[in-house]
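Note sheet for the following structure.
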Amino acid sequence: MNNLKILDHPLLQHKISLLRDKNTIMKEFRELVSEVSMLMTYEATRDLKLKEVQIETPVAIAKTKVISGRKLALVPILRAGLGMASGASALIPAAPIGHIGICRNGNGDSVTEYYCKLPVDIAERDVIVMDLMLATGSCASRAIQMLKDAGCPSIKYMCVIACPEGVRALEKAHPDVSVYCGALDEGLTEDFYITPGIGDGGDRIFGTR
Ligand code: URA
502 MNNLKILDHP
512 LLQHKISLLR
522 DKNTIMKEFR
532 ELVSEVSMLM
542 TYEATRDLKL
552 KEVQIETPVA
562 IAKTKVISGR
572 KLALVPILRA
582 GLGMASGASA
592 LIPAAPIGHI
602 GICRNGNGDS
612 VTEYYCKLPV
622 DIAERDVIVM
632 DLMLATGSCA
642 SRAIQMLKDA
652 GCPSIKYMCV
662 IACPEGVRAL
672 EKAHPDVSVY
682 CGALDEGLTE
692 DFYITPGIGD
702 GGDRIFGTR
């Protein structure tokens, strides 16, 4: 699992523990997903290129740095990835947000795409695609393929919780994509939930169960 980066910031780990708790209510869960996503975005953008600029402060000229290079786009995978977009976007407000809707068809591998709306200039941007859970990896792999088909040369995948099955599947399908997660759990249940995981992330964010 060469492409996997498990983010170990204490604040992130603490908040993920709160997310796992089955007694965490929808409002708190949603807020935590947003906060965790913000912290993860901070870590996943460590390698952004900088250039030196001169800025006139009220006191003097400062030689300082700003982000340079290709622009970013954020792409949450519906539905649970939507909960991550606000946190990521809070750190990168200039990044447009595309949406990809994909769902799994019962068994682990077959998926259906039902929505795709990407920024018109997506091929000129580096993309951070996000979903709450990396379970079987089938939705993530398809979403990344859709982005590659749209011309995106540089893609990072960000999820709060991953499992070995999903990471391996994603690495096999897209060895060029780095995976950022907050935790690598034990594996999958026979219903394709990550265990111990957090349960159904979409239901917990949107209160649908
Ligand atoms: N999606 C979820 O919401 N939870 C899981 O455990 C796996 C996939």
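FYI, the numbering for the sequence shown is 502 to 710, going by our numbering. C-beta: ideal position from N, C-alpha, C; glycine also.
For GLY582, the secondary structure class from DSSP, reduced to helix, strand or coil, is coil. Between the region 596-612 and the region 556-565, the count of Cβ pairs shorter than 8 Å is below three; the stretches do not touch. Proximity of the beta carbon of ILE695 to the ligand URA is indicated: a heavy atom of the ligand is located closer than 7 Å.
Runs of the alpha helix (DSSP H) lying entirely within the region 565-619, each at least 4 residues long, are 583-592 in chain order. Not one heavy atom of the ligand URA is found less than 7 Å from the C-beta of LEU520. Contact between the region 675-684 and the region 503-520 is established, with three or more Cβ pairs separated by less than 8 Å. No residue range can be given for LEU549, since it is assigned to no beta strand (DSSP E) and is classified by DSSP as neither H nor E.
The DSSP assignment places 639-650 as complete runs of the alpha helix (DSSP H) inside the region 614-662, in order along the chain (cut-off: 4 residues). Here the alpha carbons of PHE707 and SER518 stand approximately 19 Å from one another. At least one heavy atom of the ligand URA lies closer than 7 Å to the C-beta of MET634. With respect to the C-alpha of LEU540, the residue from SER587, ARG580, PRO577 having the closest C-alpha is SER587. Between the ligand URA and ALA663, a heavy atom-to-CB distance of less than 7 Å is absent.
By the CB criterion at 8 Å, GLY683 and VAL537 fall inside the cutoff. Distances taken from the Cβ of ALA586 to the heavy atoms of the ligand URA include none shorter than 7 Å. A direct Cα-Cα distance of roughly 21 Å separates ALA563 from GLY570. Distances between the C-beta of ALA581 and the heavy atoms of the ligand URA include at least one below 7 Å. By the neighbour-count definition (other C-beta atoms within 10 Å, threshold 16), ASP632 is a buried residue. Distance from the Cα of ARG643 is smallest, within the candidate group LEU520, VAL661, ILE578, GLU553, for ILE578.
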